[in-house]
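>
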Ligand SMILES: [Fe+2]
Ligand SMILES: [Fe+2]
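Residue numbers (full-length UniProt numbering): 1 to 277.
#1: Given that a residue counts as buried once 16 or more other Cβ atoms are within 10 Å of its Cβ, and exposed if not, what is residue 55?
#2: Any residue with its C-beta under 7 Å from a non-hydrogen atom of ligand 1 counts. Can you list them all in chain order?
#3: Nearest-angstrom Cα distance between residue 117 and residue 75?
#4: Just tell me which of 233, 239, 257 has its CA closest to the CA of residue 2.
#5: Using 10 angstroms around the beta-carbon of residue 14, count the other beta-carbons present and answer buried if the total reaches 16, otherwise exposed.
#6: Compare the C-beta of residue 115 with all C-beta atoms of chain D and state if any pair is closer than 8 Å.
#7: Tell me which residue opens and which closes the alpha helix (DSSP H) that residue 79 is part of.
#8: Note down, one range per segment and in chain order, each alpha helix (DSSP H) of at least 4 residues found wholly within the stretch 127-203.
#9: On the three-pair Cβ rule with 8 Å, is the stretch 183-190 touching the stretch 145-156?
#10: Which residue marks the beginning of the beta strand (DSSP E) containing residue 231, and which one marks its end?
#11: With burial defined as no fewer than 16 other Cβ atoms inside 10 Å of the residue's Cβ, what is the status of residue 207: buried or exposed?
#12: Quick one: what's residue 255 bridged to in DSSP?
#13: If you draw a straight line from the alpha carbon of residue 65 to that of residue 231, how long is it in whole angstroms?
#14: May I ask you to report which of helix, strand or coil DSSP gives residue 70?
#15: For residue 20, name the three-state secondary structure that DSSP assigns.
#16: In terms of residue numbering, what span does the beta strand (DSSP E) encompassing residue 227 cover?
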């Protein structure tokens, strides 16, 4: 299995020519599926979604795409934001905000953690509802026991090693338990525009275990947070996962840091066995 994990494309705030370089890099890697963990646009405008659509169409490979907090009309477009928040995404990206995709060795569950508002000033914060978490657990029951179970969610459940001022996904305790029960092996996230991979301890009492988290930088946007544009290439199966960060080097994307994870027992308990810079 080989997949490409992209995130935070932010059409509307893209560095010129980067989409073509990214497309070439993805086609060179030739993954089984391309996964995009949200923030396809900058302001949730139709024009930006049209650009995102054209980019996705330029990559003739299976794709799994979920929305991010930037994929709804921004707060100053109040009427649109509250009345028809997902209109452009549904029309120009895909109807389903929480797609499910599977192949022989892979089972991918998409979730939508973006919210149009909340009881706080920062509406970029994200969470899954109880209903969404129940659905995740139910959907995972369809997965083959030998398939790698992947959850795609825009807001990460853990901070990068260097820390962040931004919020992690909300409802942490229920999220952690649900991911555990669903038997998720690998979580793909974005939002912070920082590349990291690590294990994530999942609550569940005596059944506690760890899964793997891969979070990526912005692939093509100039909204950088101290590191170059990039994406992850992930290879492996239900027993071993190799995450490799690809970063922009000035003339193209090239492979860099690697993290290797292995599953240590039948509890789907993952641990990091090596990291190569
Ligand atoms: Fe973003
Ligand atoms: Fe975001």
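Don't be surprised by glycine CBs; every beta carbon is placed ideally from N, CA and C.
Walking through what the data contain:
#1: Reading the chain shown from its first residue, position 55 is the one you call residue 55. Residue 55 should be labelled buried.
#2: 8, 10, 39, 68, 70, 190, 191, 193, 218, 223
#3: Within the chain shown, the letter at position 117 stands for residue 117. Within the chain shown, the letter at position 75 stands for residue 75. For residue 117 and residue 75, the distance between alpha carbons rounds to 9 Å.
#4: As a position in the chain shown, residue 2 is number 2, starting the count at 1. The option with the nearest alpha carbon to residue 2 is 233.
#5: Indexing the chain shown from 1 puts residue 14 at position 14. Buried is the call here.
#6: In the structure shown, chain D cannot be found, because there is only a single protein chain.
#7: Numbered from its first residue, the chain shown carries residue 79 at position 79. Note, residue 79: alpha helix (DSSP H), 78-83.
#8: 130-140, 172-181
#9: yes
#10: Mapped onto the chain shown, residue 231 falls at position 231. Element bounds for residue 231: 230-236.
#11: Residue 207 sits at position 207 when you count from the first residue of the chain shown. Result: exposed.
#12: Residue 255 sits at position 255 when you count from the first residue of the chain shown. Paired residue(s): 246.
#13: Taking the first residue of the chain shown as 1, we reach residue 65 at position 65. Taking the first residue of the chain shown as 1, we reach residue 231 at position 231. Roughly 15 Å between the two C-alpha positions.
#14: Within the chain shown, residue 70 is the residue found at index 70, counting from 1. Helix at residue 70.
#15: For this step, residue 20 is matched to residue 20 along the chain shown. DSSP places residue 20 in helix when its eight states are reduced to three.
#16: As a first step, residue 227 must be located in the chain shown, where it is residue number 227. From DSSP, residue 227 is part of no beta strand (DSSP E); its letter is neither H nor E.
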